[in-house]
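Undergrad:
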Amino acid sequence: MLLENKRKECSFSDILAMDETAVWFDDPGGRCIDTRGAKDVTVLTTGHEKMRITVCLSARSDGKKLLPYVLVKNKRPIVRLVQQFKGKLVINWAGSVWMNDGTTEDYLRKIIGGNVFGSRRMLVWDTFGSHKSESTAKVMRELKVEPAYVPGGCTKFIQAPDLSWNKPFKEKVRHFYEIWMVNDDRREFTSSGNPRPPTLDIVLDWVYRSWQDLSKDVIVNSFLACGLSNPVDGSADDKIACFKPNGSIGERGLIVLREIRARSDTDNK
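Oh and the sequence shown: position 216 is 216 in the UniProt record's numbering, straight run, nothing missing.
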């Protein structure tokens, strides 16, 4: 209801959602992996467990996907990669995979950006520290973006990335990684014969392709499933995932929502 009331109070030109998700490359989970056609197949321990990036995925309720914002451990920009992925994703070279006030401001300016028409937009994200800091609030006011915070414990209900994007995105990245582990000519090996981690350009390509693979319909439906873009008159409440008969809350939640909305409408008359 809080999000619904925000939308009633202000006609937002866009509703956006974002989430940071960690992507790492650990062992194959007990799978047997070796070169295609080999007679002996062994379970590998890759040693890639410490290789990690953080990807911020963002999209609008109309299905428009924004560029992935990727935090890497490298401190020095690699010009070749900046050029290679220009227009495909944005790389942050802060040397850390953790978001802070500085990287959050950079994300807002480069991914969300300003609005040439001056209309207000709403960004739905969780209550992570840098999302709620005063410096972040200042940048959001400048960009005419209204924050809507998803309380802790509620992300699985009303945070679109958590509900619908992150899992298929990470599964696709994992798919590319496993193909690379099995048979990719770009693999490099240590002197003892262990595969080196995939190079950053390969990983960034997986991120780009995995995000591209997520369909517009998935994005649009994720906002509806979280109750973020549904008509405020309640005509599409049945699309909210947690209120479906097999949802985590069930149909009773839908009844309660409609009762609360009816009382709210009565009080506002």
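Ideal Cβ positions, reconstructed from N, Cα and C, are used throughout, including at glycine.
The structure presented is a predicted model; accordingly, all values stated were derived computationally and were not measured.
Taking contact to mean at least 3 C-beta pairs separated by less than 8 angstroms, is the region 170 to 185 in contact with the region 225 to 243?
TA: Cβ pair count under 8 angstroms is below three, so no.
Undergrad: Between the Cα of P195 and the Cα atoms of V182, L224, V203, which residue gives the shortest distance?
TA: Mapped onto the sequence shown, residue 195 falls at position 195. Here the closest residue by C-alpha is V182.
Undergrad: Which residues mark the beginning and the end of the alpha helix (DSSP H) in which L81 is found?
TA: Working through the sequence shown from its first residue, we reach residue 81 at position 81. Start and end: 79 to 84.
Undergrad: Count the CB pairs spanning the region 64 to 74 and the region 103 to 118 that are closer than 8 angstroms, and state whether there are at least three.
TA: Touching, yes, given that three or more Cβ pairs across the two stretches are closer than 8 angstroms.
Undergrad: Starting from D162, trace the beta strand (DSSP E) both ways and give me its first and last residue.
TA: On the sequence shown, residue 162 is found 162 positions in, with the first residue counted as 1. Segment: none, D162 is in no beta strand (DSSP E) and carries neither H nor E.
Undergrad: Given this structure, state the Cα-to-Cα distance separating K86 from P245, to the nearest angstrom.
TA: Indexing the sequence shown from 1 puts residue 86 at position 86. Indexing the sequence shown from 1 puts residue 245 at position 245. Using only the alpha carbons, I get a separation of about 45 angstroms.
Undergrad: Express the C-alpha separation of S192 and I91 in angstroms, rounding to a whole number.
TA: What you label residue 91 is simply residue 91 of the sequence shown in a count that begins at 1. What you label residue 192 is simply residue 192 of the sequence shown in a count that begins at 1. Approximately 32 angstroms between the Cα atoms of the pair.
Undergrad: Going by the beta-carbon positions, is the gap between G153 and T127 smaller than 8 angstroms?
TA: Walking along the sequence shown from the start, residue 153 turns up at place 153. Walking along the sequence shown from the start, residue 127 turns up at place 127. Cβ distance not < 8 angstroms, so G153 and T127 don't count as in contact.
Undergrad: Is R121 buried or exposed, if buried means 16 or more other CB atoms sit within 10 Å of its CB?
TA: Numbered from its first residue, the sequence shown carries residue 121 at position 121. Buried, because 16 or more other Cβ atoms sit within 10 Å of the Cβ of R121.
Undergrad: Identify, in the order they occur along the chain, each residue of the same chain with its Cβ nearer than 8 angstroms to the Cβ of S130, setting aside the five sequence neighbours on each side.
TA: The residue labelled residue 130 in the question sits at position 130 within the sequence shown. The answer, listed in chain order, is M99, N100, D101, T103, T104, T136.
Undergrad: In three-state DSSP terms, what is T104?
TA: In the sequence shown, residue 104 corresponds to position 104, counting from 1. Three-state DSSP puts T104 in a helix.
Undergrad: What is the rounded straight-line gap between the Cα of L257 and the Cα of V232?
TA: Numbered from 1 along the sequence shown, position 257 holds the residue referred to as residue 257. Numbered from 1 along the sequence shown, position 232 holds the residue referred to as residue 232. Rounded to whole angstroms, L257 to V232 spans 12 angstroms at the Cα level.
Undergrad: Can you tell me the Cα-Cα spacing of W93 and L81, whole angstroms?
TA: Position 93 of the sequence shown, counted from the first residue, corresponds to residue 93. Position 81 of the sequence shown, counted from the first residue, corresponds to residue 81. Those two C-alpha atoms are separated by around 11 angstroms.
Undergrad: Give me the residue from D217, T54, V79 with the minimum Cα distance to G95.
TA: Position 95 of the sequence shown, counted from the first residue, corresponds to residue 95. It is T54 whose Cα lies nearest to the Cα of G95.
Undergrad: With the cut-off set at 8 angstroms, would you say M18 and L163 are in Cβ contact?
TA: If you number the sequence shown from 1, residue 18 lands on position 18. If you number the sequence shown from 1, residue 163 lands on position 163. Cβ distance not < 8 angstroms, so M18 and L163 don't count as in contact.
Undergrad: Here's the rule: buried if 16 or more other CB atoms are within 10 angstroms of the residue's CB, otherwise exposed. What is A59?
TA: Here residue 59 refers to the residue found at position 59 of the sequence shown. Counting Cβ neighbours within 10 Å, A59 comes out buried, since at least 16 surround it.
Undergrad: Could you have a look at R60 and say whether DSSP puts it in helix, strand or coil?
TA: Counting from one through the sequence shown, the residue named residue 60 turns up at place 60. Three-state DSSP puts R60 in a strand.
Undergrad: Counting only the same chain and skipping the five closest in sequence on each side, list residues whose C-beta sits under 6 angstroms from that of S61.
TA: Translated into positions along the sequence shown, residue 61 becomes position 61. Correct list, in chain order: I15, F223, S229.
Undergrad: Candidates N74, Q84, F176: which alpha carbon is nearest R209's?
TA: Position 209 of the sequence shown, counting from 1, holds the residue named residue 209. R209 has its Cα closest to that of F176, out of N74, Q84, F176.
Undergrad: With DSSP as the reference, label P245 as helix, strand or coil.
TA: Looking up residue 245 in the sequence shown gives position 245. DSSP places P245 in coil when its eight states are reduced to three.
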